[in-house]
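Okay, so here's the structure we're looking at.
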Amino acid sequence: MTDSPARLRVGILISGQGSNMEALVRRSLEPDCPYDVALVISNRPKAAGLAAAEALGVAARIIDHSDFGQDREGHERTIDAALRAAGCQVIALAGYMRILTPFLVEGWSGRMINIHPSLLPNYPGLDTHRRAMEAGDAEAGCSVHLVTTGLDAGTVLGQARVAILPDDTVASLAGRVLAAEHQLYPQCLADFVRTALT
Ligand code: GRF
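Laid out in structure tokens, this is it:
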């Protein structure tokens with residue numbers, strides 16, 4: 000019997016529909032994937048992604064930020080403890096809509112990644128597709144990057160580019176970029192994890 004190679008354990012933080020989380024989990028179900036998804040955490044109790052994670056057989060937990068009032072770090076300490084208890088070695092943010100404090104960012108420095116719906120360094124922050132269209136850009140896209148204390152400012156690990164078409168609306172562009180995200184994020188996470196394992 001041959002030992003299967005070690006797989007790195009990933010925790011995913013979500014706030015909403017979790018379609019990127021789902022793409023990451025689906026990739027983890029393939030035999031050659033270098034990571035397992037050990038835990039999904041949502042800060043919002045009604046996030047649709049919670050049911051999607053459970054349907055895929057992944058443990059999912061709600062850690063509601065509103066239970067912590069203004070204590071952002073207290074919320075993150077609870078998240079951090081849950082991730083560590085599950086043996087997570089890397090965090091993937093997937094539509095996690097909270098600004099992080101230095102506690103989590105520095106505690107997981109070099110081991111936390113995010114997907115952002117623009118071609119960084121263009122358009123950090125929100126409303127990226129509208130901003131790209133209003134600027135008259137020919138292309139939009141998405142970026143996977145390391146998380147640092149700067150807003151969407153960490154080293155870019157990979158990007159996918161999507162043409163902006165003349166009859167695009169914000170919604171049609173967002174849909175095509177999201178489809179590209181579902182390809183890019185699992186690939187970048189697998190590459191990132193392979194590097195971390197060597
Ligand atoms: C994605 O567009 C992602 O780039 C951004 O938030 C959105 C999350 O979508 N950070 P989903 O919850 O993964 O479907």
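Heads up: the sequence shown begins at 0 in numbering that gives the first Met the number 0, then just goes up one per residue. From the three backbone atoms N, C-alpha and C, an ideal C-beta is built for every residue, glycine too.
Can you check DSSP and say which residues form a bridge with residue i?
i: GLN186; result: DSSP lists no partner for GLN186.
i: ARG60; result: ILE40
i: ASN113; result: LEU92, HIS144
i: TYR34; result: LEU7
i: GLY157; result: VAL143
i: ILE13; result: SER41
i: ALA162; result: GLU138
May I ask you to check if the CB of residue i is nearer than 7 Å to at least one heavy atom of the ligand GRF?
i: PRO33; result: no
i: CYS141; result: yes
i: MET132; result: no
i: ILE13; result: yes
i: ALA93; result: yes
i: GLY121; result: At residue 121 the sequence reads Asn, which differs from the Gly that was named. Answer for ASN121: no, Cβ out of range of the ligand GRF.
i: MET111; result: no
i: ASN42; result: no
i: GLU72; result: no
Got a sec: does the ligand NAD put a non-hydrogen atom nearer than 7 Å to the Cβ of residue i?
i: PRO116; result: What this structure holds is the ligand GRF, not the ligand NAD.
Run the CB neighbour count on residue i, radius 10 Å, all protein chains shown included, and call it buried at 16 or more, exposed below.
i: SER117; result: buried
i: ASP126; result: exposed
i: GLY48; result: buried
i: ALA134; result: exposed
Going by CA-CA distance only, name the one from the options that's closest to residue i.
i: HIS181; options: THR147, ASN113, ILE61, ALA37; result: ASN113
i: ASP167; options: ARG129, PHE67, THR148, PRO185; result: ARG129
i: ILE62; options: GLN186, THR77, GLY68, GLU72; result: THR77
i: ASN121; options: LEU103, ILE98, GLY153; result: GLY153
i: VAL161; options: ALA179, ASP151, VAL192, VAL155; result: ALA179
i: ALA84; options: ILE40, LEU145, PRO44; result: ILE40
i: HIS74; options: HIS115, GLU53, LEU188, ILE98; result: ILE98
i: ALA52; options: GLU29, MET132, ASN19, ASP79; result: ASN19
i: LEU67; options: CYS32, LEU150, LEU145, ASN42; result: Per the sequence shown, the amino acid found at residue 67 is Phe instead of Leu. Closest option to PHE67, Cα to Cα, is ASN42.
i: PHE102; options: PRO123, GLU72, ALA131; result: GLU72
**Prompt:** How do the stretch 91-105 and the stretch 4-14 stand: do at least 3 beta-carbon pairs fall below 8 Å, yes or no?
**Reply:** yes
**Request:** Pair every Cβ in the stretch 19-31 with every Cβ in the stretch 50-64, then say whether three or more of these pairs are closer than 8 Å.
**Result:** yes
**Prompt:** At a cut of 8 Å, does the stretch 171-189 reach the stretch 134-149 through at least three beta carbon pairs?
**Reply:** yes
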